Amino acid sequence: MNAKPTANIGVVGMGVMGTNLAANIESRGFDVALWNITYDETEAFVKKEGDKRFHPAKSAEDFIASMERPRAMILMITAGRPIDLTIERFLPLLDEGDIIIDGGNSWYEDTQRREKALRDKGIHFVGMGVSGGAEGARLGPSLMPGGTEYAYKRIAPILEAIAAKTDSGACVTHVGADGAGHFVKMVHNGIEYADMQLIAESYDLLKRLGKRDAAQMSEIFTKWNEGPLESFLVELTGKVLEKKDDRTGKPLVEMILDKAGQKGTGQWTNQAALSLGVSIPSIAAAVDARTLSAMKDTRVEAAPVFQAAKPSRAEAPTNLEGLVHQALLSAKIIAYAQGLYLIQQAAKQFSWAVNLQEVARIWKGGCIIRAALLDEIMGAFEKSPGLANLLFDDKFKGVIIENINGLRQIVALGATAGIPLPAFAASLSYFDAFTTKRLPQNLVQAQRDAFGSHTYQRVDAPEEGFVHTEWI
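Everything in the sequence shown is counted per this note's numbering, starting at 25 for the first residue and increasing by one.
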């Protein structure tokens with residue numbers, strides 16, 4: 025072990041993400057200290073990579089001693105209790121001004137708690153969202169660090185070197201204080217859930233109503249990727265649909281059990297939105313769709329029982345492909361609007377100086393939701409940094425007006441054909457409620473006051489404040 029403090033940064037955790045990120049950092053010309061709870065994984069990684077600029081450590085003490093000051097270490101380990109245990113292990117060895125970076129998907133409130141506790145001890149804690157999976161970690165991820173300006177300035181040269189690059193620069197920015205980085209990454213994942221579900225519903229419509237086979241749908245998504253829907257997920261869908269199963273020769277996608285997994289960040293996004301009083305129905309519908317998909321046995325049992333309640337026949341319109349394109353484009357914009365508004369409200373609540381133009385910029389490369397649409401989102405917030413909602417931007421307003429009728433027709437088609445379209449329907453309902461001057465919640469408030477004396481405000485005298493009526 026080379027104990028000379030020459031490592032520019034350390035990586036804790038030699039799993040898939042940790043090893044790929046460490047290899048990325050080293051490939052950019054930095055010395056990297058390595059530590060894992062068991063040394064075998066560290067040794068195997070260094071042996072595989074060769075004698076480069078890695079500093080493998082058997083002990084926590086050697087790991088800390090190998091890094092230049094102020095030290096900076098990235099934790100690429102399981103979120104939750106393991107983060108706290110690792111902090112406890114290293115804290116006695118650190119000096120004032122050292123930096124701990126959590127590069128996992130941690131709940132932002134945990135990040136706020138850890139940042140405050142370590143700040144009181146003179147240690148800087150950075151919660152950093154890392155998007156792009158293993159390939160992104162190795163070749164260039166989108167990075168969303170939150171913490172102090174001091175900490176960001178110390179690690180910025182390394183993060184800028186390893187991040188994905190686009191024509192707008194390196195896909196990293198100082199998102200804001202304490203939990204801002206993990207919050208923005210969480211919302212990124214929530215938008216990702218919605219985007220994937222909307223694409224899946226488009227696939228279902230084209231397949232079941234439009235009778236397109238996998239090869240035809242691959243061509244459709246590939247064509248769509250050349251226009252305003254250009255994105256990593258649309259491009260990926262085209263490639264997934266053309267893949268053949270080695271065993272049967274059928275499209276591989278048709279051989280996959282229809283039970284979608286989830287790791288929790290979509291649920292967290294819903295939880296955060298509820299606590300902040302923000303409506304994100306497109307994202308919530310996507311999470312619910314995955315949960316319902318997991319009920320495979322129950323669905324198989326229910327299908328024949330309620331067959332008589334299903335439509336006997338549904339005709340696809342001749343312009344189905346065009347309508348689905350319009351629906352996907354408008355619903356995608358609406359989902360982004362929900363996610364960005366959630367970030368805005370969290371920033372106000374927690375005094376985070378989040379720049380939504382920068383958020384859109386760093387999502388342009390490396391991350392899962394990278395899309396051509398983000399250039400337009402950047403432009404919207406550059407032109408109007410205080411934009412109340414993405415849907416108010418002139419460009420997006422025009423796109424929605426031009427395409428919303430396609431979404432409306434698709435939701436109606438799904439209902440008529442008995443094809444579930446939860447994310448499409450939720451997106452349309454959000455838009456219709458968002459653009460309705462008077463909603464029926466006046467009746468809800470009357471009911472609340474009648475059974476629970478919760479009071480209400482009068483339309484003709486709002487200055488009177490909240491009043492109560494004896495209804496019964």
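In this text, a Cβ means the ideal position worked out from N, Cα and C, and glycines have one as well.
In this text, all values refer to a predicted model and were calculated from it rather than measured experimentally.
**Report entry** Lys231 in three-state terms, based on DSSP
**Finding:** For the purposes of this step, residue 231 is identified with residue 207 of the sequence shown, where counting begins at 1. Three-state result, Lys231: helix.
Query raised in the report: What's the gap between the Cα of Arg472 and the Cα of Leu463?
Result: The residue given as residue 472 occupies position 448 in the sequence shown. The residue given as residue 463 occupies position 439 in the sequence shown. C-alpha separation (whole angstroms): 16 Å.
Query raised in the report: Which residues mark the beginning and the end of the alpha helix (DSSP H) in which Leu398 is found?
Result: Position 374 of the sequence shown, counted from the start, is the residue given in the question as residue 398. Going by DSSP, Leu398 is part of the alpha helix (DSSP H) stretching over Leu397 to Lys407.
Query raised in the report: By Cβ distance, which residues of its chain are closer than 7 Å to Ile182, with the 5 residues on each side in sequence left out?
Result: Reading the sequence shown from its first residue, position 158 is the one you call residue 182. If we look at Ile182 and ignore the five residues flanking it on each side, its Cβ neighbours are Asn32, Ile33, Ile49 and Phe54.
Query - Buried/exposed call for Arg289, threshold 16 Cβ in 10 Å - result: Mapped onto the sequence shown, residue 289 falls at position 265. Correcting the residue identity first, residue 289 is Thr in this sequence and not Arg. Buried is the call here.
**Report entry** Arg236 to Lys71 span [Cα, whole Å]
**Finding:** By 1-based counting over the sequence shown, the position of residue 236 is 212. By 1-based counting over the sequence shown, the position of residue 71 is 47. Using only the alpha carbons, I get a separation of about 49 Å.
**Report entry** Bounding residues of the beta strand (DSSP E) (the contiguous stretch that carries Pro169)
**Finding:** Working through the sequence shown from its first residue, we reach residue 169 at position 145. Annotation: the continuous beta strand (DSSP E) that includes Pro169 extends over Ser166 to Gly170.
**Report entry** Where the alpha helix (DSSP H) containing Phe455 begins and where it ends
**Finding:** Locating residue 455 in the sequence shown gives position 431, counting from the first residue. Here the alpha helix (DSSP H) through Phe455 covers Pro446 to Phe458.
Requested in this report: For the alpha helix (DSSP H) containing Met241, list its first residue and its last residue.
Outcome: Within the sequence shown, residue 241 is the residue found at index 217, counting from 1. That run of the alpha helix (DSSP H) goes Ala238 to Trp248.
Query raised in the report: How long is the line joining the alpha carbons of Met25 and Glu92, rounded to whole angstroms?
Result: Counting from one through the sequence shown, the residue named residue 25 turns up at place 1. Counting from one through the sequence shown, the residue named residue 92 turns up at place 68. The predicted model places Met25 with a pLDDT of 43, which falls under 50 and marks its position as unreliable; any figure quoted below should be read in that light. Roughly 15 Å between the two C-alpha positions.
Report task. Determine the closest residue to Glu243 out of Glu345, Glu406, Leu142 and Asp64, with distance taken between C-alpha atoms. Result -> For the purposes of this step, residue 243 is taken as the residue at position 219 of the sequence shown. The shortest C-alpha to C-alpha distance from Glu243 to any of Glu345, Glu406, Leu142 and Asp64 is the one to Glu345.
Report task. Could you tell me the boundaries of the beta strand (DSSP E) in which Phe490 lies? Result -> As a first step, residue 490 must be located in the sequence shown, where it is residue number 466. Counting along the chain, Phe490 falls outside any beta strand (DSSP E), and DSSP gives it neither H nor E.
**Report entry** Thr246 versus Gly262: straight-line alpha-carbon distance, rounded
**Finding:** To locate residue 246, count along the sequence shown from 1; it is residue 222. To locate residue 262, count along the sequence shown from 1; it is residue 238. So the alpha carbons of these two residues sit roughly 5 Å apart.
Report task. List the residues that DSSP assigns as beta-bridge partners of Ser155. Result -> Your numbering for residue 155 matches position 131 in the sequence shown. The partner list for Ser155 (beta bridge, DSSP) reads Ser166.
**Report entry** Boundaries (first-last residue) of the alpha helix (DSSP H) holding Val483
**Finding:** Residue mapping note: residue 483 aligns to position 459 of the sequence shown, counting from 1. Note, Val483: premise wrong, no alpha helix (DSSP H); not H, not E.
Query raised in the report: Would you call the segment 195-204 and the segment 409-423 in contact, with 3 or more CB pairs under 8 Å?
Result: Per the Cβ contact rule, the segment 195-204 is not in contact with the segment 409-423 (fewer than 3 Cβ pairs under 8 Å).
Query raised in the report: Secondary structure at Ile280, three-state DSSP: helix, strand or coil?
Result: In the sequence shown, the residue the question calls residue 280 occupies position 256. Looking at Ile280 - three-state DSSP - the assignment turns out to be coil, as it is neither helix nor strand.
Query - Buried/exposed call for Pro169, threshold 16 Cβ in 10 Å - result: Residue 169 sits at position 145 when you count from the first residue of the sequence shown. By the 10 Å Cβ count, Pro169 comes out buried.
Report task. Could you tell me the distance, in whole angstroms, from the CA atom of Gly214 to the CA atom of Gly153? Result -> As a first step, residue 214 must be located in the sequence shown, where it is residue number 190. As a first step, residue 153 must be located in the sequence shown, where it is residue number 129. Rounded to the nearest angstrom, the two C-alpha atoms are 13 Å apart.
Query raised in the report: Ordered along the chain, which non-local residues of its own chain (more than five positions away) have a Cβ less than 8 Å from that of Ala239?
Result: For the purposes of this step, residue 239 is taken as the residue at position 215 of the sequence shown. Excluding sequence neighbours, Ala239 sits near Leu265, Glu266 and Pro275.
Query raised in the report: Which whole-angstrom value is the C-beta distance of Pro94 and Asp122, which I expect to be below 8 Å?
Result: Residue mapping note: residue 94 aligns to position 70 of the sequence shown, counting from 1. Residue mapping note: residue 122 aligns to position 98 of the sequence shown, counting from 1. A Cβ-Cβ separation of about 5 Å places Pro94 in contact with Asp122 under the 8 Å criterion.
Query raised in the report: Hey, out of Val196, Met210, His349 and Ser317, whose CA is closest to Met241's CA?
Result: For this step, residue 241 is matched to residue 217 along the sequence shown. Nearest in C-alpha terms to Met241, of all of Val196, Met210, His349 and Ser317, is His349.
Query raised in the report: When you compare each of Phe78, Ala361, Phe114 and Asp86 to Phe420 by their alpha carbons, which one comes out closest?
Result: Indexing the sequence shown from 1 puts residue 420 at position 396. Among Phe78, Ala361, Phe114 and Asp86, the Cα nearest to that of Phe420 is on Ala361.
Query raised in the report: Residue ranges of each beta strand (DSSP E) run of no fewer than 3 residues wholly in the segment 248-320, ordered along the chain?
Result: The segment 248-320 contains no whole beta strand (DSSP E) run of 3 or more residues.
Report task. For Ala31, name the three-state secondary structure that DSSP assigns. Result -> Position 7 of the sequence shown, counting from 1, holds the residue named residue 31. Looking at Ala31 - three-state DSSP - the assignment turns out to be strand.
Query raised in the report: By Cβ distance, which residues of its chain are closer than 7 Å to Asn44, with the 5 residues on each side in sequence left out?
Result: By one-based count along the sequence shown, residue 44 stands at place 20. Answer for Asn44: Ala158, Ala161 and Arg162, listed in chain order.
Query raised in the report: With DSSP run on the structure shown, which of helix, strand or coil describes Met38?
Result: Taking the sequence shown and counting its residues from 1, one reaches residue 38 at position 14. Note: Met38 maps to coil in three-state DSSP.
Query raised in the report: On the three-state DSSP scale, how would you describe Pro464?
Result: For the purposes of this step, residue 464 is taken as the residue at position 440 of the sequence shown. Pro464: coil per DSSP, three-state reduction.
**Report entry** Member of Tyr217, Ala327 and Tyr454 whose CA lies at the smallest distance from the CA of Val302
**Finding:** For the purposes of this step, residue 302 is taken as residue 278 along the sequence shown, with counting starting at 1. Each of Tyr217, Ala327 and Tyr454 was checked against the Cα of Val302, and the nearest Cα belongs to Tyr454.
Query - Minimum Cβ-Cβ distance from Glu278 to chain D less than 9 Å - result: Among the chains in the structure shown there is no chain D, since it carries only a single protein chain.
Query raised in the report: Leaving out the 5 sequence neighbours to the left and right, which residues in its chain are closer than 6 Å to Glu139 when beta-carbon positions are compared?
Result: Here residue 139 refers to the residue found at position 115 when the sequence shown is read from its first residue. The answer, listed in chain order, is Phe149 and Asp202.
Report task. Identify whether Ala370 lies in helix, strand or coil by the three-state DSSP scheme. Result -> Locating residue 370 in the sequence shown gives position 346, counting from the first residue. Judged by DSSP in its simplified three-state form, Ala370 adopts helix.
Query raised in the report: What's the C-alpha gap between Thr172 and Leu257?
Result: Numbered from 1 along the sequence shown, position 148 holds the residue referred to as residue 172. Numbered from 1 along the sequence shown, position 233 holds the residue referred to as residue 257. For the pair Thr172 and Leu257, the Cα-to-Cα distance works out to about 33 Å.
**Report entry** CA-to-CA distance, Gly389 to Ile424, given in whole angstroms
**Finding:** Here residue 424 is taken as the residue at index 400 of the sequence shown, counted from 1. Here residue 389 is taken as the residue at index 365 of the sequence shown, counted from 1. Inter-residue distance for Ile424 and Gly389 is about 25 Å (C-alpha atoms, whole angstroms).
Query raised in the report: What's the gap between the Cα of Met100 and the Cα of Leu415?
Result: Translated into the one-based positions of the sequence shown, residue 100 becomes position 76. Translated into the one-based positions of the sequence shown, residue 415 becomes position 391. If I take the Cα positions, the gap works out to 37 Å.
Report task. With a threshold of 16 other CB atoms inside 10 Å of the CB of Gln331, please say whether the residue is buried or exposed. Result -> Translated into positions along the sequence shown, residue 331 becomes position 307. In this structure Gln331 is exposed. Its beta-carbon is surrounded by fewer than 16 other beta-carbon atoms within 10 angstroms.
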